[in-house]
Each structure stands twice: as structure tokens, then as C-alpha cells.
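Residue numbering for the sequence shown is 292 to 976, as defined by our numbering.
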Amino acid sequence: MEVNQYLEMFIEESKEHLQACSEHLLELEKNPEDLAIVGEIFRSAHTLKGMSATMGFEDLADLTHKMENVLDAIRNEKIHVTPEILDVVFESVDHLEEMVMDIANGGDGKRDVSSTVAQLKRIELGEEAVAEVVATAVAPAVESVLEYDSFEQTVITQSSEQGFNAYEISVTLREDCLLKAARVFMVFEILEKDGDVIKSSPSVEKLEDEQFDQQFYVAFVTKESAEDMQKKLMKVSEVEEVVVTTIDQKKFSEKEYEAQQEIAATATAVVEMEATPAKAEPVAMPAKSAAPNKADKTHAPVGNKTIRVNIERLDILMNLFEELVIDRGRLQSIATEVNHGELNETVERMSRVMGDLQTIILTMRMVPVETVFNRFPKMIRQLSRDLNKKINLEIIGAETELDRTVIDEIGDPLVHLIRNSVDHGIENPTARRAKGKPEEGTVVLRAYHSGNYVFIEIEDDGAGINREKVLAKAISKGIVTQEQSYSMSDQQINELILASGFSTADVISDVSGRGVGLDVVKTTIESLGGNISIESTQDVGSIFSIQLPLTLSIISVMLVEIEKEIYAIPLSSIIETSIIRSSEIMNAHNQKVIDFRGKVVPLVFLEEIFEVPRKAPQEEEFHSVVIVRKGEKLAGLVVDSFIGQQEIVLKSLGNYLTNIFAISGATILGNGKVALIVDCNALIK
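Structure representation (C-alpha cells):
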């Protein structure tokens, strides 16, 4: 049987079943006596096993079969659920997810899972799960080489572009070494002084607990040479060998990184074609067909209400529609000039139809942020155990939808922000009791719409940001000077943690303390046309707020004119427009300002920003002002005149015109002319 044509469907359905397993396992941990949950997990695993065997992925099918045996023993009450057993099942699901991702990236899905399989067999036979065996399973073999996920690749690549060297360091201790943890600490102390640790294998916690043989690996960025680093580390007593090799970035060079992104972008998207106003149910899976339905759905007809469409086709459809939007603007312009009754009527009707078509196309590209949020409950569970903290994750607004292109990019930044909140924010139970807080900390992941933007917030009730510590570290790192620090607001101090190379962690761990990451988070979010802000109160908690555009292609703007040049200002940034007298303009700290509803708002003259040449100097009694907002900050953009509101297609300026100040792109107007789109965020300080 030719199976390649079914590969995309297999990958998507496998992800769905594994996600269902993870969610039900988290429920089972809270309700270990509920055998109905075990039945749901068993059915998902059984279906995945059948699909894997049919597609010829025997390793995937075999591991799923072993996990299925354990689940079958639990649901038949031969063994009882314990945290240790769940740890092994969670580990099995992690391996299965990695196998599926390998298949999605063109691999064969093979992976050494012998240790996990041995654990599953022990559990099936009724023996207790042994934590040491699990620990051994993740310890690397001597010949192993570190593997980097896409986020770590980005960090290494950007560090290299900033002049840092990226090394993979293998450290071997003497066989008679008595204090391995102490030697590891001394190695990391040297590394911390000279650069930043990106990754270690085994994890830092396992190194500290001496859960390794004699060898461990570290990925490291520094400005020191490989020879100097090797000599420094060999100074540590009881270190037998240090091998420093330059990380081969060819495997995740810019070209391959873009190829990986293209693979992700061409992954199959699920597009729901709603037959009724009610939300359509997903396509019936074999696993679900075997499950008893709830009472209110017992007799519901099962039909094909969904189809799977390759995301590339949706991109092509969007590009074609963008061209139609440009032509629509041209037709409207011609109709206005000709002023023909039937032409005006036809163009108006066509505009209404295109408006409906635009809504449908944009909706087809929308994906719930739930697809990203789903990975975090399991991650929080693992972090809680690794850090010996009690953490409750609350997810609000998972149904909020975002454009697929935005969804694909925000996963890694959110992972880093949540890990940062868990490590830096939430205190350990002892510290929380001392502060009069409940032992269990809370992290809230919230998403909601506001205008043409989606806001994603990560809120914790932890220690908050210690501004004195942040400022002292920033001054010591040369990020700000002592003189600059005197005039900095609390908000500006908070945002120092987003600076490159900044970290307040006293100890480097697998979770944080590397001094790289949050700056990459900021760069990624800003590249999507969004921004990140931080609110924090010491010993109360912190809120990281991410603002993202709903879509990156078609936006509503206000067209304005400056000396025959036309600019577009996004409506999502505009509060209102106003006409002011010259006499209302005041000066404050060498800045022209106006009083806007009791607030002092600085004026930005766009003709000066964009150096628009004037035929003759103008002394106007009145000025046209567009009041725009960035978070809580306001500014007034002074223009010659307002043209009106219009929907436009956002076009990139291309590789030759990157990083143009205060310009985020361009658009083609109805008359064929090009209008530049103003980046209001860049103009508001």
C-alpha cells in the first residue's frame, strides 16, 4: 500500500492523540481512582498503535503497545496509579512526541527507548517503578552529542552574529573522583565568569545529584578562545580531559533554519467548514467512535464537517485575495472619478461581497491559541517536580484565535517566559509560608482580544522583580550607567531584564540563569509587529503582557497626507484625530506638547521624522493631529491633512530596505501609488 499520501494525516492525528493522552494523564494524576480517564488514555494509545503499525513505524507502535499494556493493567485494577508510574507513562508520551516530530521532519521515527520499555515491563509485571532507572534513561552515552531545539539554535546563531564563539564542551572526570558535584560546580563557576551556558547534558539538577558517570557535556557561548577555555577548565582538580569543539552551525544555519520554518508552515492545517452557526465537532476518530458518547450527543449524526487543507493553499488563497483588495481600491478610485450610477452601485456591491470573503479567508487561517497552550500543563508539572515547588497553572481564554503565521512563532517565547516565571517568580513552599502566602504558587496564562490585537499575559503570584538587584546587575554589566539609573522609571527598570545577556539568577540551571533568552523573546515578538511589557510588585507578583496583531496581511489604516506624500497609520494604534490651534502648542523640556484631556501629550511632526521636502515654508494656524497610543503612552502625530479610512494589504519593504526607522511596511493604493505604513510604536518613547 502506498502510505506517503496518508503521511500528513497520520502526523496530525498522532499529535491529536498524544495531546489527548497528556491532558488525560494530568487529570488522572489529580483523580488516580477514576478508571474512566484511564479508559480514554487507553483508547487514544490503542488508536495510535494501530495507525503507527499500518504506516510501518514499528518503533512507535512497539512503544505505544508497551504503554498500552500498563494502561490495560491499571484499568483492570491489576496495578494502582502512583506518581512514579505516571512519571514513566509521561516519559513514554514524551518519547512518542519526539518520534512523531522526527517523522514530520523527514526522519524514520527511530529512537533508543530501551530503558523506558524496561520500566514499562517492570510496571506491567507489578514491580515498583525505580526512579534510578528513569534517571539512567536520560543520561547520555559517552559518544552522545548535544541536540538543540529551534529556540536554542536561534540563541546560538544570534550570539554568533554578536561576536560570540559557540562551543560544545565535553568534560571527563577521573574515575577516582570523590566529589563529582563539587567539580561540576567549579566547572560551571569558570564558565559563568566567561560566558553563558546554553544547555547541559545531563541536566544541572542531575549533575548536582551526581546522577552521571564521569562525563558530561555543556553548550557554551563566550568571547574566549577554545584553547583558553580548555586550559582554564583543566585547572580544575580531578578533571581528566576537556574537549572544546566549535558548534557546527551548518545543521541549523540560516538556510536550514528557514527550511525548517517552511516545513512547519507547510504542515497540514485543520480548517473547519461550519455547516451551522454552532461550532463543528472534529472529525470522528476511531478512538472516539469506540468511546460511549455523552447523553446530549448520543444520537448526534456523525458526518464530515471538517476537511484538512494544506497551509500552502491557504497562503496562495490569501495572496490572491490581497491582489483583489488592491484592485478593489483601484475600482473604487475610478468609480469616484467617473461618477457613473451603475458603476458605483456595482463597485459598492462588490465591496460588500469582498468584505464577507475577506472575513471567511481570515477566519480560515485563524487557529485557537489552545494549540500552543496545550503543551504547558505537562511542562509545569515537570518543572514543579524538578524545582521542588508547588505550582498551579490556570489557563484562561484558550479559545482566543490568532493567525496561523503568528501561532507558529510564539510557542518558544511563551515557553521561556513561563519557565522564567516559575524559576524566578514562584518561591519555594518554605519562603511562601514565611511571607504568609499559600504553599502552592499560581501561574495564570491568559489570552483575550482587544481591538485588532490579541493580548497574552503570563501572571504569577511570586516574588516579583527586585528592582535594586536588577539595576545593580545592569550597571555591573554595562547595560546602563549609574547616571542613567537615577532618572529611570520602575517600568524602565523592569524592562532591563529583556536586555541581551542579562540574568539575575545566582546559579545557572536548566531553567534559567544563562543570560540569554528574554532578549530573543523580545526580538521575536517585535518581529511579529507586537510588543512586550512588564508590570511587577515585589513580593506580590509579576505580569508579562504580550500584544500581537490578529493578522499580518490585511489591516485597517487612516491615510494622511504630508506635502503630496501619503502615509498610512494603523487604526489599531489610533485613539482619535483632532484639529488644534498653533496657540495650543506648548514647550516642555525642549519638546512640543499639547494638553489632551488633561494629559500632556508630546507632538511628533512627521515631516521632520521623514524629512519631507517643502516647496515653501508653512505657517499654519491649525494643525491636523492623530493621537496614537503604545500601552499607556500617548503621542500626537502632526500631518497636513486626513484622507480617510481604508483597508490595505501590508507589503514588506524587501531585503534592501530593512530597519527603516518608523516604517513597518508599504501598501499599493487604488491609484497605483505606494504609501508607507507608519510604525507608531517606534515614534512613542
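Glycine is no exception: its CB is placed at the ideal position from the N, C-alpha and C atoms.
Close beta carbons around residue i, own chain, < 7 Å, minus the five adjacent residues each side
i	result
GLU501	LYS471, ALA472
GLU531	THR463, LEU464, ARG465
ASN972	ASN822, LYS921
GLU415	ASN360, VAL361, ALA364
LEU482	VAL488, VAL509, PHE511
GLU388	LEU309
GLY688	ARG737, ALA738, TYR739
SER580	Low local confidence applies: a pLDDT of 35 at SER580 is under 50, so the model's placement there is unreliable, and no value is given.
GLY935	LEU850
Other residues of its chain near residue i: CB distance less than 6 Å, five sequence neighbours each side excluded
i	result
ALA352	LYS340, SER343, ALA344
PHE442	ASP703
ASP618	none
Alpha carbon of residue i to alpha carbon of residue j, nearest angstrom
i	j	result
GLY646	GLU636	15 Å
GLU320	VAL660	25 Å
LYS522	GLU459	15 Å
HIS356	VAL812	39 Å
SER450	PHE479	19 Å
LEU736	ILE747	7 Å
PHE511	GLN444	12 Å
ARG621	GLU912	35 Å
GLY400	SER313	20 Å
PRO668	MET779	37 Å
ASP677	GLU496	8 Å
SER383	THR407	7 Å
LEU974	LYS760	30 Å
ALA311	LEU653	28 Å
ASP694	GLN649	13 Å
GLU898	LYS890	24 Å
MET641	LEU841	25 Å
VAL965	VAL917	21 Å
GLY749	LYS883	Per the sequence shown, the amino acid found at residue 749 is Ile instead of Gly. Roughly 37 Å separates the two Cα atoms.
ASP467	GLU826	51 Å
ASP931	VAL940	24 Å
ASP393	GLU299	13 Å
ASP539	ILE885	56 Å
LEU469	GLU529	9 Å
Beta-carbon contacts of residue i that lie in its chain and below 8 Å, excluding the five residues immediately before and after
i	result
ASP729	In the sequence as displayed, the identity of residue 729 is Pro instead of Asp. Closer than 8 Å at Cβ, skipping near neighbours: ARG723.
ILE682	ILE671, LEU674, SER675, VAL713, ILE717, GLU731, GLY732, THR733, VAL734
LEU944	ILE951, ILE954, GLY956, ALA957
LYS726	GLU718, ASP830
GLY753	SER712, HIS715, GLY716, ILE717, GLU718, GLY732, GLY832, SER833
Sheet register partners of residue i (DSSP bridge)
i	result
THR868	VAL917
LYS986	Because residue 986 is not part of the residues shown, which for the chain are 292 to 976, the question remains open.
ASN822	GLN838
TYR777	Per DSSP, none; premise fails for TYR777.
PHE511	TYR458, VAL488
GLU854	Per DSSP, none; premise fails for GLU854.
ALA926	VAL919
THR537	TYR458
GLU731	LYS681
Helix, strand or coil at residue i [DSSP, three-state]
i	result
TYR439	coil
ALA879	strand
ARG737	strand
ASN635	helix
SER528	coil
SER494	coil
TYR548	With a pLDDT of only 46 at TYR548, under the threshold of 50, the placement of this residue in the model should not be trusted; the figure read from the coordinates follows. Here TYR548 sits in helix by DSSP.
ASP519	helix
VAL812	helix
GLN937	strand
ASP886	strand
PHE746	strand
ASN711	helix
SER791	coil
ALA859	strand
PRO668	helix
ILE598	strand
GLY398	coil
PHE479	helix
LEU469	coil
Any chain B beta carbon closer than 8 Å to residue i
i	result
PHE333	The chain labelled as chain B is not found in the depicted structure, where only one protein chain is given.
**OP:** Could you tell me which uninterrupted beta strand (DSSP E) segments, each at least 3 residues in length, are contained entirely in the stretch 441 to 466, listed from first to last along the chain?
**Re:** 456 to 464
**OP:** Can you check the stretch 680 to 725 for any alpha helix (DSSP H) of at least 4 residues that lies completely inside it and give the ranges in chain order?
**Re:** 695 to 711, 720 to 725
Original post:
Along the chain, which unbroken stretches of the alpha helix (DSSP H) at least 4 residues long are found entirely within the stretch 331 to 387?
Top reply: Counting whole runs of 4 or more residues, the stretch 331 to 387 contains the alpha helix (DSSP H) stretches 349 to 366.
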